[in-house]
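Novice: Numbering (the numbering used here), first residue to last: 187 to 361. Glycine residues also receive a C-beta, built at the ideal position from the N, C-alpha and C atoms. This is the structure I want to talk about, given as structure tokens.
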Amino acid sequence: MDFETVNLNDLQNRYFAQAWKLYENSFPKDERRTFNEQKTVSKDEKYKALGIIKDNELLAILFFWIFDKNVFIEHFAVNSAFRGQAFGSKILKSFLSKYENVVLEIELIKDEICEKRLNFYKKFDFVVNEYRHFQIPFRKDSKELELLLLSHKKPLSKEQYKVLYTQMKNSLTLK
187 MDFETVNLND
197 LQNRYFAQAW
207 KLYENSFPKD
217 ERRTFNEQKT
227 VSKDEKYKAL
237 GIIKDNELLA
247 ILFFWIFDKN
257 VFIEHFAVNS
267 AFRGQAFGSK
277 ILKSFLSKYE
287 NVVLEIELIK
297 DEICEKRLNF
307 YKKFDFVVNE
317 YRHFQIPFRK
327 DSKELELLLL
337 SHKKPLSKEQ
347 YKVLYTQMKN
357 SLTLK
């Protein structure tokens with residue numbers, strides 16, 4: 187794949203401001219952190235924030251956590267200037283070739299956009315877990331948000347889900 191990745195845990199990275207704008211424009215307030223909260227999580231060794239670059243242009247952002255048994259994709263967004271060109275598919279395919287036991291969250295299916303998002307991930311062998319799942323709040327003032335938890339290739343067992351949720355709660359929650 188002819189993409190380059192840059193480390194956005196480094197808030198001084200030359201692509202960070204552009205990546206932050208993409209992040210803010212791609213996710214509702216309740217599904218993202220403030221800049222100061224981002225500074226805090228960026229210091230956690232389990233947290234990885236990547237910018238995907240092609241020809242010196244920011245194509246996408248991919249923020250994820252590496253836990254003991256799972257890799258949790260927290261945020262994945264493609265720059266609107268590059269949507270519809272299969273970059274999202276290529277980036278996700280490359281990511282899945284590097285990491286196992288990948289999980290991610292999507293909104294409950296309430297409209298056509300949500301349905302398309304689910305179908306996109308199903309193309310890559312993600313399955314919906316049947317557990318009632320609530321997102322760990324990203325902001326201190328946010329409430330829990332019910333989402334679908336998807337896992338790659340096979341559903342999580344009840345025990346696997348409990349372990350993952352505990353790790354998420356211990357890492358994603360700002361103290």
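(1) Helix, strand or coil for residue 231, going by three-state DSSP, please let me know.
(2) Given this structure, state the Cα-to-Cα distance separating residue 214 from residue 253, to the nearest angstrom.
(3) Taking only runs that begin and end inside the region 294 to 321, name each unbroken beta strand (DSSP E) of 3 or more residues, in chain order.
(4) Are there any heavy atoms of the ligand SAM lying less than 7 Å away from the beta-carbon of residue 218, as far as the coordinates show?
(5) Quick check on residue 270: does DSSP put it in helix, strand or coil?
(6) Taking residue 205 as the reference, give the member of 242, 331, 296 with the closest Cα.
(7) Take every Cβ of the region 291 to 306, pair it with every Cβ of the region 322 to 329, and state whether three or more of those distances are shorter than 8 Å.
(8) Evaluate the contact criterion for the region 261 to 281 versus the region 222 to 230: three or more CB pairs, one atom per stretch, below 8 Å.
(9) Pull up the distance between the alpha-carbon of residue 356 and that of residue 240, whole angstroms please.
(10) Just to confirm my understanding: we take residue 323, look at its own chain, exclude 5 residues before and 5 after, and list those with CB closer than 7 Å. What are they?
(11) With burial defined as no fewer than 16 other Cβ atoms inside 10 Å of the residue's Cβ, what is the status of residue 246: buried or exposed?
Specialist: This is what the structure gives:
(1) Here residue 231 refers to the residue found at position 45 of the sequence shown. Coil, per DSSP.
(2) Taking the sequence shown and counting its residues from 1, the one referred to as residue 214 is at position 28. Taking the sequence shown and counting its residues from 1, the one referred to as residue 253 is at position 67. The alpha-carbon atoms of residue 214 and residue 253 are separated by roughly 25 Å.
(3) 312 to 314, 319 to 321
(4) Of the ligands one can find in the structure shown there are none, so the ligand SAM has no counterpart to examine.
(5) Mapped onto the sequence shown, residue 270 falls at position 84. Coil at residue 270, not helix or strand.
(6) Counted from its first residue, the sequence shown places residue 205 at position 19. That would be 242, whose Cα lies nearest to the Cα of residue 205.
(7) no
(8) no
(9) Stepping through the sequence shown from its first residue, residue 356 is reached at position 170. Stepping through the sequence shown from its first residue, residue 240 is reached at position 54. For residue 356 and residue 240, the distance between alpha carbons rounds to 35 Å.
(10) The residue given as residue 323 occupies position 137 in the sequence shown. The answer, listed in chain order, is 329, 330.
(11) By 1-based counting over the sequence shown, the position of residue 246 is 60. Looking at its Cβ environment, which holds 16 or more other Cβ atoms inside 10 Å, residue 246 is buried.
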